[in-house]
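Asker: One structure coming up, written as structure tokens, with questions to follow.
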Amino acid sequence: MKCASSFEVLSGCSVCDDDKFLEINHPRGLYRARIKNIPRREYTKPFLLEVHLYFSAPNLDEARDIAEGHLADVLNFLSVSAGAPYKKSRIRQIIDAGEIEDPSSRTILCWGDRPEYDDPQPFLDDLVVNSMETLMQFDHPPAVSRAMRWFRTGLNAEFRDDQFTYFWLAIEILATHAKTSSKVPDKCPHCRGSLYCPECEKTPLHKPYEKQAIRDLLLKFQDICDEEKATLLAQTRNSLMHGATLREIQGSLPDGYDNVVDCLGELVWRAIVIQFPPELVHGIPLGQPGTYFEPTMTAVATIQTAVPQDSDGNFEIDFSGVQVQMKPFGPPQSARRYAVEVSQEQFDQLRGLSFRTGDDQEMLQRVAHELYEGSDKPFIGVLATDMAEIRQRVEQGEQGEWQTIFRQIFDTGAKIGRIQ
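Residue numbers (the UniProt record's numbering): 1 to 420.
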């Protein structure tokens, strides 16, 4: 089927005329791309290009991956031809662009606007500060600082391929830094035993190569990295360095590429930690993520409607007739939620109030969203921003039904704590 897609691209270059579409035709007919400026009125917003792609796909479900591949091709050649940075910001729509009997019911996939920045994980506290100050007591060598920098860069990487590469750089730096001067034998590629020369009746020795030093470092953590895993990580590194992508080689990865990146990330973290004196590290709490990949949630709506076309038959894919948005649960949060003990009766009262139209309805819907089972009494989860407002309004003597309920909760000494 014929498809048309719309992307927004962060760009270091713009089209010379705001009203002009630049058209790029793939020489083998794989796609046709049209590029246009999205003029901005504020310097606080990034400049974006609008990129429309016309291509073929088996169906709409597979169209996104194909469109993403074509967009990457366009941006690669733009980078070489124009010498500026280009990065996909978001996908907007994919349209069934084929011939249909009823043009007013064209099928469209619309991607919703998502929050630009997600809420952070409330984790930083005095324990983290104490751990940092304890580690800072050690006068660590420059190699450890460089490894920490690449580890941090890996944490910030948007793509898994980049994450793996940055984590591997950190491992290489640490392995080279800790490389022993003691001579070691070469290993058989099959059994990993020491190679022996029958002619000389000797086992040749040499100073460890970088690959051997990296392997030795990885194998220090046998609980998560055995010989097989170390080989897999090295092969993955070689594939990436020779132009392959994790998606292309995932068939050779037993647990998928997410697991490989997470495993390497944990190995780097452990390898950094052991660079510090054991007596310094012992007993201090150190945080570690469950995964090094930050998932994102996106709403995609399938609709049928008419899509305007210009005189040349190009779709006006950026039409504003339909908007899809993701509504967050509440206002942006940075602090931990509160757990507030309530009785079943109090919860039912708050729940009932949440269905009444009023200025506080959204807050009450969040407060009475769910009743959780506690060790002694049930409790509700209250966002930190909501709790601050509730306390302020109750303490100011504001009257109302929900204010009376919370005043009763506060006055009776109900348990109020933070949700970890």
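All C-beta atoms in this analysis are idealised placements derived from N, C-alpha and C, irrespective of residue type, glycine included.
It should be emphasised that the depicted structure is a prediction, and the values quoted were computed from it without experimental measurement.
I need the straight-line Cα distance from Arg92 to Ala33, nearest angstrom please.
Answerer: The count along the sequence shown starts at 1 and reaches residue 92 at position 92. The count along the sequence shown starts at 1 and reaches residue 33 at position 33. If I take the Cα positions, the gap works out to 15 Å.
Asker: How would you write the range of the beta strand (DSSP E) that Phe167 sits in, first residue to last?
Answerer: Here residue 167 corresponds to residue number 167 of the sequence shown, with the count starting at 1. No beta strand (DSSP E) holds Phe167; the alpha helix (DSSP H) holding it covers Arg160 to His177.
Asker: Look at the Cβ atom of Ala170, then the Cβ atom of Phe151, and state whether they are nearer than 7 Å.
Answerer: Against the sequence shown, residue 170 aligns to sequence position 170. Against the sequence shown, residue 151 aligns to sequence position 151. In this structure, Ala170 places its C-beta atom within 7 Å of the C-beta atom of Phe151.
Asker: Kindly provide the ranges of any alpha helix (DSSP H) runs that are 4 or more residues long and lie completely inside the stretch 210-274, ordered along the chain.
Answerer: 210-218, 227-241, 246-249 and 256-273
Asker: What whole-angstrom Cβ distance do Leu49 and Ile38 have, given they're in contact under 8 Å?
Answerer: Taking the first residue of the sequence shown as position 1, residue 49 is located at position 49. Taking the first residue of the sequence shown as position 1, residue 38 is located at position 38. Right, the Cβ-Cβ distance comes to about 7 Å (below 8 Å), so this counts as a contact.
Asker: With DSSP as the reference, label Asn59 as helix, strand or coil.
Answerer: As a position in the sequence shown, residue 59 is number 59, starting the count at 1. It is coil, neither helix nor strand.
Asker: Determine the direct distance from the alpha carbon of Ser11 to that of Phe77, and round the result to whole angstroms.
Answerer: The count along the sequence shown starts at 1 and reaches residue 77 at position 77. The count along the sequence shown starts at 1 and reaches residue 11 at position 11. For Phe77 and Ser11, the distance between alpha carbons rounds to 13 Å.
Asker: Return yes when the Cβ of Ala82 is within less than 7 Å of the Cβ of Cys13, no when it is not.
Answerer: Within the sequence shown, numbered from 1, the residue matching residue 13 stands at position 13. Within the sequence shown, numbered from 1, the residue matching residue 82 stands at position 82. Yes.
Asker: Could you tell me the distance, in whole angstroms, from the CA atom of Phe55 to the CA atom of Glu248?
Answerer: Taking the sequence shown and counting its residues from 1, one reaches residue 55 at position 55. Taking the sequence shown and counting its residues from 1, one reaches residue 248 at position 248. The straight-line gap from Cα to Cα measures roughly 22 Å.
Asker: Leaving out five residues on either side along the sequence, give the residues of the same chain with a beta carbon under 7 Å from the beta carbon of Ala299.
Answerer: Your numbering for residue 299 matches position 299 in the sequence shown. Counting only Cβ-Cβ distances below 7 Å, and skipping sequence neighbours, we find Gly112, Val324 and Met326.
Asker: Who pairs with Val51 in a beta bridge, going by DSSP?
Answerer: Mapped onto the sequence shown, residue 51 falls at position 51. DSSP lists Phe7 and Ile35 as partners of Val51.
Asker: Please classify residue 445: does DSSP put it in a helix, a strand, or coil?
Answerer: Outside the displayed span of the chain (1 to 420) sits residue 445, for which this structure offers no information.
Asker: So Pro122 and Arg336 are supposed to be a Cβ contact under 8 Å. How far apart are they, rounded?
Answerer: What you label residue 122 is simply residue 122 of the sequence shown in a count that begins at 1. What you label residue 336 is simply residue 336 of the sequence shown in a count that begins at 1. Pro122 to Arg336, Cβ: 4 Å. Contact.
Asker: The alpha helix (DSSP H) that contains Asp126, what's its start and end?
Answerer: Position 126 of the sequence shown, counted from the first residue, corresponds to residue 126. Counting along the chain, the alpha helix (DSSP H) containing Asp126 begins and ends at Asp126 to Met136.
Asker: Under DSSP, the beta strand (DSSP E) around residue 425 begins and ends at which residues?
Answerer: Here the chain has residues from 1 to 420 only, and residue 425 is not among them.
Asker: Let's see if you can read the secondary structure: which residues bound the beta strand (DSSP E) around Arg418?
Answerer: Here the question's residue 418 lines up with position 418 in the sequence shown. Arg418 -> beta strand (DSSP E) spans Ile416 to Arg418.
Asker: With burial defined as no fewer than 16 other Cβ atoms inside 10 Å of the residue's Cβ, what is the status of Ala368: buried or exposed?
Answerer: Along the sequence shown, one-based indexing puts residue 368 at 368. Buried, since its Cβ has 16 or more Cβ neighbours within 10 Å.
Asker: Report all residues from its chain with a CB closer than 8 Å to the CB of Glu341; omit the five preceding and five following residues, and keep chain order.
Answerer: For this step, residue 341 is matched to residue 341 along the sequence shown. Cβ neighbours of Glu341 beyond the five flanking positions: Gly374, Asp376, Lys377, Pro378, Phe379, Ile409, Ala414, Lys415 and Ile416.
Asker: Apply the 10 Å Cβ neighbour rule to Phe329 and answer buried if 16 or more other Cβ atoms are within range, or exposed otherwise.
Answerer: Stepping through the sequence shown from its first residue, residue 329 is reached at position 329. So Phe329 ends up on the exposed side.
Asker: So, does the stretch 123-133 touch the stretch 275-288, judging by three or more C-beta pairs under 8 Å?
Answerer: yes
Asker: Any idea what DSSP makes of Asp102, helix, strand or coil?
Answerer: Counting from 1 along the sequence shown, the entry for residue 102 is found at position 102. Looking at Asp102 - three-state DSSP - the assignment turns out to be coil, as it is neither helix nor strand.
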